[in-house]
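**Q** Sharing a structure with you now.
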Amino acid sequence: MVILNYSIRILSVCVGLSLLLGLINPTPNDQTLTRTIGGLVTAFGVYRLILYYYQQKQERLEDNEE
38 MVILNYSIRI LSVCVGLSLL LGLINPTPND QTLTRTIGGL VTAFGVYRLI LYYYQQKQER
98 LEDNEE
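Okay, structure coming up:
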């Protein structure tokens, strides 16, 4: 389950970077919108990745204390 969570979070970062760099362009007439959404998706993916890492770390520490 941990591998699936990391995979989905990393995938969201990759999709965001693809949008940001213009590799995926769903709206060819509006580059600004595509790059803005790419930046937001990338930031959100990185945030979720870091948050999940620290949650896992906290759970491991709590398990070791018991």
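In my numbering, each number is its position in the sequence shown, counted from 1, plus 37.
Beta carbons: idealized from backbone N, C-alpha and C, even for Gly.
Which whole-angstrom value is the C-beta distance of Gly53 and Thr71, which I expect to be below 8 Å?
**A** Actually they do not touch by this definition, with Cβ atoms about 11 Å apart.
**Q** Give the single residue among Glu103, Thr73, Tyr43, Asn42 whose Cα lies nearest to the Cα of Leu57.
**A** Thr73
**Q** What are the boundary residues of the alpha helix (DSSP H) that includes Gly59?
**A** First-last for Gly59: undefined, no H or E at that position.
**Q** Provide the residue span of the alpha helix (DSSP H) that contains Asn101, from first to last.
**A** 68 to 102
**Q** Between Asn42 and the rest of its own chain, which residues show a CB-CB distance below 7 Å, the 5 nearest in sequence each way excluded?
**A** Close CB contacts of Asn42 within its chain, under the 7 Å cut and outside five residues either way in sequence, are with Tyr89 (chain order).
**Q** Decide if Gly75 is buried, meaning its Cβ has at least 16 other Cβ atoms within 10 Å, or exposed.
**A** buried
**Q** What number of angstroms, rounded off, separates the C-alpha of Asn62 from the C-alpha of Asn101?
**A** 47 Å
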